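Taking it in order: structure first as structure tokens, then the write-up.
2 protein chains.
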Amino acid sequence: MPKLDLDTIPQTNATGYPPQYATAVEGRWYRRLGPASGLSEFGVSHVTLKPGAWSSQRHWHEGEDEFVVMLSGEAVLVDDSGEHAMKPGDCASFPMGDGNGHVLQNRSDSDCVFIAVGRKGDSDCHYPDIDMHLFSGEGFRRKDGSAF
Amino acid sequence: MPKLDLDTIPQTNATGYPPQYATAVEGRWYRRLGPASGLSEFGVSHVTLKPGAWSSQRHWHEGEDEFVVMLSGEAVLVDDSGEHAMKPGDCASFPMGDGNGHVLQNRSDSDCVFIAVGRKGDSDCHYPDIDMHLFSGEGFRRKDGSAF
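Chains as they are written, first to last, in this note's numbering: chain A, 8 to 155; chain B, 8 to 155.
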């Protein structure tokens, strides 16, 4: 059925980040709606950020567009231009290659929920604030290419 | 800036439907967020349905995945399996080629708002309830291929 029963879709807080950068996303619980509902052209994540949790480390993709829309609660969008409150109904776009690292942070004392849309690409991802880089086809490494 | 100021993005109720099928979507006002914000990998529409308005004629795409999430108000999702209330936070997926015609109808007395994600493909679109078919590369015609 097209309408999704979110409770039946597995939820995880898994991350591929090395331990020193994983703490920020421990409270990020997400469901991958695309595979669960037969979508193959783009990815859709239903994300809950517990108080204090971040959506990711601040990052930008060389080859992947991203879009988010807030459903409930409140987050702070941090990017190169500063901090921006994201409330239900607020939308943000992150075009590939824009060089503007972004992250959503839940600084409130209650959960916030958003939908994130992307299209998996084999491209590098940059993390301006930390010594980490996603090398396409290789995974997370230090910026000099060495393994964690 | 990644956070979108929706008020600055043009809103339209334009449709390519022939007049006899256009009335249902006269009250469908939408903004194309992708082009306005630099996204090229998928399309994102921010849609307001006035009371009585439909999201489209009931349809399914041969070659385009679609996803919707409700932001405010309430709509009725009509598909082959019946009618389903769509309230804020509710999500629905319409995988390409599923053969399950779908439409959102606002039967309430206030606006409803949703986000629709898709990926423009050159593929046919089927309309099970009416004598219309979208022929890839040709546009809307009657099911026998004749022009309106």
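Backbone N, C-alpha and C fix where the C-beta goes; we use that ideal spot for every residue, glycine too. None of the values given here were measured: they were computed from a predicted structure.
Asked, Found
"Whole beta strand (DSSP E) elements within the segment 15 to 55 of chain B, 3-residue minimum", "35 to 39"
"Within chain A, partners of Leu141/B - CB distance below 8 Å", "Ordered by position in chain A, no residue passes the 8 Å Cβ test against Leu141/B, which lies about 18 Å from the chain."
"Within chain B, the residues that His113/A reaches when beta carbons sit closer than 7 Å", "One detail in the question is off: residue 113/A reads as Asn in this sequence, not His. Neighbours of Asn113/A on chain B: none; closest Cβ ~16 Å, over 7 Å."
"Residue environment, Phe155/B, which counts as buried when at least 16 other CB atoms sit within 10 Å", "exposed"
"Below-8 Å beta-carbon distance, Val76/B vs any chain A residue", "yes"
"Bridge-paired residues (DSSP) for Phe155/A", "In DSSP, Phe155/A forms no bridge with anything."
"Given Asp151/B as reference, the closest of Val32/B, Glu145/B, Met139/B and Gly144/B once Cα atoms are compared", "Met139/B"
"Ordered list of beta strand (DSSP E) runs contained in the segment 42 to 123 of chain A, each at least 3 residues", "50 to 56, 73 to 79, 82 to 86, 89 to 93, 98 to 101 and 110 to 112"
"Helix, strand or coil at Leu141/A according to DSSP, with G and I counted as helix", "strand"
"Inter-residue CB distance, His109/B and Val85/B (contact presumed, cutoff 8 Å)", "7 Å"
"First through last residue of the beta strand (DSSP E) which encompasses Arg148/B", "Gly146 to Arg148"
"For Lys10/A: DSSP bridge partner residues", "Ala99/B"
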